[in-house]
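Q: The structure is given below, and queries will be raised subsequently.
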Amino acid sequence: MGLKKKSNASDDTVIQQEEKRSAERTPEQLVADLASPDSSVRRWAVRDLSGEENAHKVFLERLPAENDPTVIEALFSALEHNMTDADASQLIGMLKSEQVQLRNGAIELMQQNPDLFAHNVHKLMQDDDPDTRIFCVDIIGAVAHPDALNWLHHIALNDDNENVVGTALDKLAEVSDSSTYDILQTVESRFPNHAYIAFVISLIRNQLGSA
C-alpha cells in the first residue's frame, strides 16, 4: 500500500483562501475584509476593491490602522490613479504620522500628483510643525511643477526655522536659475551667523556665476 503524502498546513491555508476568493464578494464584504486578522485577506480586499466607487475613501481610512507593510504598500498602490483634492487633503495629514512608511507613501503620492500638491502647498508651508514644512520642501524638490522654484524662494525668504530654510537652499542648489541670485543676499541677512546656510548660499552663487 502506497504512502499518502501529508497535507501541508500552509497549502491548506492557500486553498482555503482561493476557495474564499472564488465566491462572489460584495463591496461591503470586501470592506469588512480590510479588517481581517489575516494580512493576505486584507491584500486581496484592496485589490478587489480597486476601482469601486468610494474605494479611495475606504483605503485612506484604513491606512492609519494598518500595520502590515505589504498591505500598506498595496493600499498606496491602489491610490495612485484618479486621486482627488479630498484624497490629497487626507494624505497631507499622514505627513505627521509616526509610521515612516505612511509618511513616505504620502510623500511619493504627492510627488506623483503635482497639481493636487499645488492646491495644498501653501497650507503645508504654513504648518506649525517644522518637520512637516521640511517634508513639504522635499516634495517641492522632487515634484514636476512650474511653480516649484517660486515656492522654494518663498520658503527661503519667509520661513523662520533655520532647518527648513537650509533644506530649501539644498533644493535650490539643484534647481536654481538666475532669479535665485536676487534672493540670496536677503536670505543671508536673515541668518547671518549660520555656517551651513552661508555655505549653501556660497555654493549656489558659485554655480550661478559659472553657468
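Using the numbering used here, count along the sequence shown one by one with no gaps and you end on 221. Note that beta-carbon positions come from the ideal geometry of N, C-alpha and C, so glycine has one too.
1. When the Cα of Ala154 is compared with those of Gln111, Asp139, Leu119, Glu34, which residue comes out closest?
2. Whole angstroms is fine: what's the gap from Ile150's alpha carbon to Glu76's?
3. Comparing alpha-carbon positions, which option in Phe201, Thr190, His66, Ile211 lies nearest Thr94?
4. Apart from the five residues just before and just after Tyr191, which ones in its own chain have a Cβ nearer than 6 Å to its Cβ?
5. Mind listing, in chain order, the continuous beta strand (DSSP E) runs of no fewer than 3 residues lying wholly within the stretch 32-65?
6. For Arg200 and chain C, any beta-carbon pair shorter than 8 Å?
7. Who are the Cβ neighbours of Asp97 in its own chain at under 6 Å, not counting the five residues just before and after it?
8. Apart from the five residues on each side of it in sequence, which residues of its chain come closer than 6 Å, Cβ to Cβ, to Asp43?
9. Rounded to whole angstroms, what is the Cα-Cα separation between Ser186 and Gly176?
10. Let's see if you can read the secondary structure: which residues bound the alpha helix (DSSP H) around Lys106?
11. Are the CB atoms of Val174 and Arg143 nearer to each other than 8 Å?
12. Indicate the three-state DSSP secondary structure (helix, strand or coil) for Thr94 in the structure shown.
13. With DSSP as the reference, label Ser188 as helix, strand or coil.
14. Report all residues from its chain with a CB closer than 7 Å to the CB of Tyr206; omit the five preceding and five following residues, and keep chain order.
15. From the DSSP output, in three-state form, read off Asn77 for me.
16. Write down the C-beta distance between Arg53 and Thr80 rounded to the nearest angstrom, noting that I regard them as a contact closer than 8 Å.
17. Less than 6 Å between C-beta atoms, sequence neighbours within five positions excluded: which residues of the same chain meet that for His163?
18. CB-CB under 6 Å to Ser46, same chain, minus the five flanking residues each way: which ones, in chain order?
19. Taking the continuous alpha helix (DSSP H) assigned at Ala152, which residues delimit it?
20. Buried or exposed: where does Asn123 fall if 16 or more other Cβ atoms within 10 Å of its Cβ makes it buried?
21. Over the uninterrupted alpha helix (DSSP H) stretch that includes Asp170, give me the two end residues.
A: In short, the structure shows the following:
1. In the sequence shown, residue 154 corresponds to position 144, counting from 1. Taking the Cα of Ala154 as reference, the smallest distance to any Cα among Gln111, Asp139, Leu119, Glu34 is reached at Leu119.
2. What you label residue 150 is simply residue 140 of the sequence shown in a count that begins at 1. What you label residue 76 is simply residue 66 of the sequence shown in a count that begins at 1. For Ile150 and Glu76, the distance between alpha carbons rounds to 28 Å.
3. Stepping through the sequence shown from its first residue, residue 94 is reached at position 84. Of the candidates Phe201, Thr190, His66, Ile211, the one whose C-alpha sits nearest the C-alpha of Thr94 is His66.
4. For the purposes of this step, residue 191 is taken as residue 181 along the sequence shown, with counting starting at 1. Closer than 6 Å at the Cβ level, and outside the excluded window around Tyr191, lie Leu218.
5. none
6. Of the chains in the structure shown, none is chain C; there is only one protein chain.
7. The count along the sequence shown starts at 1 and reaches residue 97 at position 87. Correct list, in chain order: His66.
8. Working through the sequence shown from its first residue, we reach residue 43 at position 33. Here the set comprises Val51, Ala55.
9. One-based indexing of the sequence shown puts residue 186 at position 176. One-based indexing of the sequence shown puts residue 176 at position 166. In a straight line, the C-alpha of Ser186 is about 14 Å away from that of Gly176.
10. Working through the sequence shown from its first residue, we reach residue 106 at position 96. Segment: none, Lys106 is in no alpha helix (DSSP H) and carries neither H nor E.
11. Sequence index remark: in the sequence shown, residue 174 carries index 164 (1-based). Sequence index remark: in the sequence shown, residue 143 carries index 133 (1-based). Yes.
12. Your numbering for residue 94 matches position 84 in the sequence shown. Correct three-state label for Thr94: coil.
13. Here residue 188 is taken as the residue at index 178 of the sequence shown, counted from 1. It is helical.
14. For the purposes of this step, residue 206 is taken as the residue at position 196 of the sequence shown. The residues Gly176, in chain order, have a CB closer than 7 Å to that of Tyr206 in the same chain once the five nearest residues on each side in sequence are set aside.
15. Looking up residue 77 in the sequence shown gives position 67. DSSP places Asn77 in coil when its eight states are reduced to three.
16. Taking the sequence shown and counting its residues from 1, one reaches residue 53 at position 43. Taking the sequence shown and counting its residues from 1, one reaches residue 80 at position 70. The pair is a contact, with the Cβ atoms about 6 Å apart (cut-off 8 Å).
17. On the sequence shown, residue 163 is found 153 positions in, with the first residue counted as 1. So the list reads Ile193, once near-sequence residues are dropped.
18. Position 36 of the sequence shown, counted from the start, is the residue given in the question as residue 46. Only Arg52 meet the Cβ criterion.
19. As a working note, residue 152 is residue 142 in the sequence shown. Residues 140-152.
20. Along the sequence shown, read from residue 1 onward, the residue named residue 123 stands at position 113. Looking at its Cβ environment, which holds 16 or more other Cβ atoms inside 10 Å, Asn123 is buried.
21. One-based indexing of the sequence shown puts residue 170 at position 160. First-last for Asp170: undefined, no H or E at that position.
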